[in-house]
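Engineer: If you're matching positions, the sequence shown starts at 1 in full-length UniProt numbering and goes up one per residue.
Note that the Cβ used here is the ideal one computed from N, Cα and C, for glycine as well.
The structure follows.
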Amino acid sequence: MSEEVTNIDTQALGEKIVRVIKTIYDPEIPVDIYELGLIYDVLVNEDTEVKILMTLTSPNCPVAESLPMEVEEKVKSIDEIKDVEVEITFDPPWTKDLMSEEAKLELGML
């Protein structure tokens with residue numbers, strides 16, 4: 001009985017996940033949620049299970065229910081992904097300082 005060993009390139013998969021996340025926009029701000037600084041961490045293990053730690057612009061964000069579900073659904077649509085868990089945190093709370101230079105430029109903040 002031969003044992004098949006599959007080497008998963010978790011870094012390449014992580015980059016693919018980020019590309020997918022960059023297609024998701026906050027409905028009130030014309031910048032994707034990655035550049036907005038809402039994604040704190042993307043963890044991929046050898047079993048291609050993904051954990052995403054993210055925040056919202058505020059606890060009262062109108063998309064508090066739908067945005068994490070959209071992230072989970074879109075990341076799950078990547079063929080190599082077995083499972084996705086999205087965790088919301090407000091520690092640390094989101095501030096404009098978490099936005100990328102690109103996002104600040106897009107919003108006229110530079």
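Considering only residues of the same chain and omitting the five flanking positions on each side of L56, which have a CB-CB separation below 6 Å?
Structural biologist: Result list for L56: A64, in chain order.
Engineer: Where does the unbroken beta strand (DSSP E) through L107 begin, and where does it stop?
Structural biologist: Run containing L107: none; DSSP gives neither H nor E here.
Engineer: What's the C-alpha gap between A103 and E72?
Structural biologist: Looking at the two C-alpha atoms, the distance is approximately 23 Å.
Engineer: With DSSP collapsed to three states, give me the class of L38.
Structural biologist: Three-state DSSP puts L38 in coil, outside helix and strand.
Engineer: Is it buried or exposed for M54, if we count other Cβ within 10 angstroms and need 16 for buried?
Structural biologist: Burial call: buried.
Engineer: Please report the straight-line C-alpha distance between M69 and L110, rounded to a whole angstrom.
Structural biologist: Cα to Cα, M69 sits roughly 32 Å from L110.
Engineer: Counting C-beta neighbours from all protein chains within 10 Å, is the total for G108 16 or more, i.e. buried, or is it exposed?
Structural biologist: Flag for G108 reads exposed.
Engineer: State buried or exposed for L43, treating a residue as buried only when at least 16 other CB atoms are found within 10 Å of its CB.
Structural biologist: L43 comes out exposed.
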